[in-house]
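These notes concern the structure reproduced below.
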Amino acid sequence: MTGTSVECDRMQQRVERFQEFCVRLNTALKYDEGIRIVVEEVKRHVAETGDLKEAMAMAQAQAGRGGKALMPTTKKMIELNLLDYLSANREVLNMYFLPHAGGTSDRD
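My numbering puts the first residue of the sequence shown at 27, with every later residue one more than the last.
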């Protein structure tokens, strides 16, 4: 295998693991009371008005920026699922590492 082929395989594995995380989180959210309330209200709005764009805006407003308006239990469940994913896939964090000015970091 070439270096490029190995890197492509690694990238594919990361994508697959992230997709698995999304499926697990989506499954967990289906049983979350806070999310169910939002989904039911959005579905009702779409059924009554047929306006998908307005329904999306409504869902975003009910969740709040960064999930601020979600129930604390919903936020905690999302947070725990994300932390599980990140702890099992630590290499993902390297994509978000930004060095400090001057080239030093806390890890030095």
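For every residue, glycine included, the Cβ atom is placed at its ideal position computed from N, Cα and C.
The segment 80–92 makes contact with the segment 61–69, as at least three CB pairs between them are under 8 Å. Check the Cα spacing between Phe-47 and each of Glu-117, Asp-110 and Leu-119: the tightest is with Asp-110.
For the set Ser-31, Ile-104, Ala-114 and Asp-35, the Cα lying nearest the Cα of Ala-54 is the one of Ile-104. Cβ-Cβ distances below 7 Å link Ile-61 to Leu-55 and Thr-100 in the same chain, with the five nearest sequence neighbours on each side left out; the list follows chain order.
Taking 8 Å as the upper bound for CB-CB distance, Asn-115 and Leu-51 are not in contact here, some 14 Å apart. For the pair Leu-96 and Val-49, the Cα-to-Cα distance works out to about 20 Å.
Closest in C-alpha terms to Glu-59, from the list Pro-98, Leu-119, Gln-39 and Met-121, comes Pro-98. Taking C-beta atoms as the reference points, Arg-36 and Val-118 fail to come closer than 8 Å.
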